Every structure is written in C-alpha cells, then in structure tokens.
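Trainee: Following the UniProt record's numbering, the numbering of the sequence shown begins with 1 at its first residue and continues without gaps. The beta carbon of each residue, even a glycine, is placed where N, CA and C say it ideally should be. Only a predicted model underlies this, so the values are computations on that prediction, with no experimental measurement involved. Just dropping this structure here.
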Amino acid sequence: MKLLVLSDNHGNYSTVNQIFTEYRDKVDYIIHCGDSEFSFEDPIWQLVDVKVAGNMDFSPGYPTIETLQTPLGKLLITHGHLFQVNQGNQMLFDLALEKDAQFVFHGHTHRLYAELKDGILLMNPGSIAQPRGEIQAKTYAVVEISKDFIEVDYYNHQSVLLEDLTHYFKLDGAD
Numbered sequence: 001m002k003l004l005v006l007s008d009n010h011g012n013y014s015t016v017n018q019i020f021t022e023y024r025d026k027v028d029y030i031i032h033c034g035d036s037e038f039s040f041e042d043p044i045w046q047l048v049d050v051k052v053a054g055n056m057d058f059s060p061g062y063p064t065i066e067t068l069q070t071p072l073g074k075l076l077i078t079h080g081h082l083f084q085v086n087q088g089n090q091m092l093f094d095l096a097l098e099k100d101a102q103f104v105f106h107g108h109t110h111r112l113y114a115e116l117k118d119g120i121l122l123m124n125p126g127s128i129a130q131p132r133g134e135i136q137a138k139t140y141a142v143v144e145i146s147k148d149f150i151e152v153d154y155y156n157h158q159s160v161l162l163e164d165l166t167h168y169f170k171l172d173g174a175d
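Now the structure itself:
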C-alpha cells in the first residue's frame, strides 16, 4: 500500500496541484494533514482521500481528526495543533491507542520525522512551503506499507527524492 502525505503548504496552490496530479494514479491514498489554506469546497480536494483542518484552515467543513481503515491497518490523520505536537508526539501516540490506529500522520510543526513507537508509525511529512528545524528542505512524503516493512521516502517540492532522509522500519514477524 502506498500513500502520499502532504501538510502545511499554506497556499502554494500550483505546487500542491502538481503533486496531487502527479501521484493520483501512483498511490492508493492521498492524505493532507492540514494548513492548506484552501476552501473546503475547492475542486483540488477531489484528488484527495483524506483532509483535515489545520490551525490556519478557516473554511468550515474540515474535520480535526479522520480515521481510515485500510487492508493493512487503521490510519489516523490530524494536523496536530490540538495535541501539543510542539512538545512531542505522546498525545498522538495515546490517541492512536485509543482509536486502535497503527499509523498516525500529522503536520503543524513543519518538521519532518518518522518514528515507529511500540508498533505504531508516527509521521510528519514536513512542509512544502515553510520548513522549520534542522532540515530546511520543502518536503512531502510517500509512505509504503506492507506486512513486513514501512518505508517513508521524503521528496522536495520539485518531486526529487531526498535519499538521505528515507526511513525504513522492519515490522515484527517479518523475515
């Protein structure tokens, strides 16, 4: 299963449209973790499977949390601002346990990371507009999930793979 995960574009419509269009037929799900600053009714969302509200999304209609059951487990998607992600991901981890989710995708911090914590993937794709932290690349992520592994690949806003940032997790029980 492959997912495109994007967050915190803060406008930047043409780049987002280009990325969504490029990946629509290459991935199983397209996920946006908030702060698009697009109207909830914008036609661009027809390309997206899951979208949530960020703290800068003022158009009514956006949910703050979404879950999606997939053949390989439940995805939990939120922006993160309501879960103190600037102080860490413990609240998101606890929410994943509460919602029985195996994969958590969020934004807000504009800092990319991927962590496997007690069998739960917690991941932020970074920002394609305003990166923060030590990695100053404008990024989004493509996540491949199988029963044996999870691979998180980060790409810059021009769709160039940033190989040094790839995270690979072998799952328990995999050969």
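Just to confirm, are Y62 and V52 a CB contact at a threshold of 8 Å?
Mentor: Sequence index remark: in the sequence shown, residue 62 carries index 62 (1-based). Sequence index remark: in the sequence shown, residue 52 carries index 52 (1-based). Yes, they are a contact pair.
Trainee: Let me know if F58 comes out buried or exposed under the rule of 16 or more other beta-carbons within 10 Å of its beta-carbon.
Mentor: The residue given as residue 58 occupies position 58 in the sequence shown. With fewer than 16 Cβ atoms within 10 Å of its Cβ, F58 is classed as exposed.
Trainee: Could you please give me the residues that DSSP links to V143 through a beta bridge?
Mentor: As a working mapping, residue 143 is identified with position 143 in the sequence shown. Paired residues: L3 and V152.
Trainee: Between M91 and N17, what straight-line distance do the alpha-carbon atoms span, to the nearest angstrom?
Mentor: Taking the first residue of the sequence shown as position 1, residue 91 is located at position 91. Taking the first residue of the sequence shown as position 1, residue 17 is located at position 17. Looking at the two C-alpha atoms, the distance is approximately 32 Å.
Trainee: Identify every residue that forms a DSSP beta bridge with T78.
Mentor: The count along the sequence shown starts at 1 and reaches residue 78 at position 78. T78 is bridged to I65.
Trainee: If you reduce the DSSP assignment to three classes, tell me which class V48 lands in.
Mentor: In the sequence shown, residue 48 corresponds to position 48, counting from 1. Three-state DSSP puts V48 in coil, outside helix and strand.
Trainee: Does the pairing of the segment 129 to 137 with the segment 90 to 108 give three or more beta-carbon distances under 8 Å?
Mentor: No: the two stretches stay apart, fewer than three of their Cβ pairs being nearer than 8 Å.
Trainee: So, using beta-carbon positions, are A141 and P131 closer together than 8 Å?
Mentor: The residue you call residue 141 lines up with position 141 of the sequence shown. The residue you call residue 131 lines up with position 131 of the sequence shown. For A141 and P131, no; Cβs fall outside 8 Å.
Trainee: What are the start and end residues of the alpha helix (DSSP H) that includes I19?
Mentor: By 1-based counting over the sequence shown, the position of residue 19 is 19. Y13 to Y23 is the span of the alpha helix (DSSP H), which, as asked, contains I19.
Trainee: May I have the straight-line CA-CA distance separating M56 from H79, to the nearest angstrom?
Mentor: Position 56 of the sequence shown, counting from 1, holds the residue named residue 56. Position 79 of the sequence shown, counting from 1, holds the residue named residue 79. Rounded to the nearest angstrom, the two C-alpha atoms are 10 Å apart.
Trainee: Which value, in whole angstroms, describes the spacing of the CA atoms of residue 177 and I44?
Mentor: Residue coverage of the chain in this structure runs from 1 to 175, which leaves residue 177 outside it and unanswerable.
Trainee: Please classify S14 as buried or exposed, where buried requires at least 16 other C-beta atoms within 10 Å of its C-beta.
Mentor: By one-based count along the sequence shown, residue 14 stands at place 14. Per the 10 Å Cβ criterion, exposed.
Trainee: What does the alpha-carbon distance come out to for the pair D164 and Y155?
Mentor: As a first step, residue 164 must be located in the sequence shown, where it is residue number 164. As a first step, residue 155 must be located in the sequence shown, where it is residue number 155. Rounded to whole angstroms, D164 to Y155 spans 11 Å at the Cα level.
Trainee: Secondary structure at L95, three-state DSSP: helix, strand or coil?
Mentor: For the purposes of this step, residue 95 is identified with residue 95 of the sequence shown, where counting begins at 1. Helix, per DSSP.
Trainee: Within 10 angstroms of its Cβ, does G88 collect 16 or more other Cβ (buried), or is it exposed?
Mentor: Start at 1 with the first residue of the sequence shown, and residue 88 comes out as number 88. G88 should be labelled exposed.
Trainee: So, for I65: in the same chain, excluding its five sequence neighbours on each side, which residues have a beta-carbon less than 6 Å away from its beta-carbon?
Mentor: Translated into positions along the sequence shown, residue 65 becomes position 65. Counting only Cβ-Cβ distances below 6 Å, and skipping sequence neighbours, we find T78.
Trainee: Can you say whether Y168 is buried or exposed, counting buried as having 16 or more other CB atoms within 10 angstroms of its CB?
Mentor: Start at 1 with the first residue of the sequence shown, and residue 168 comes out as number 168. Y168 comes out exposed.
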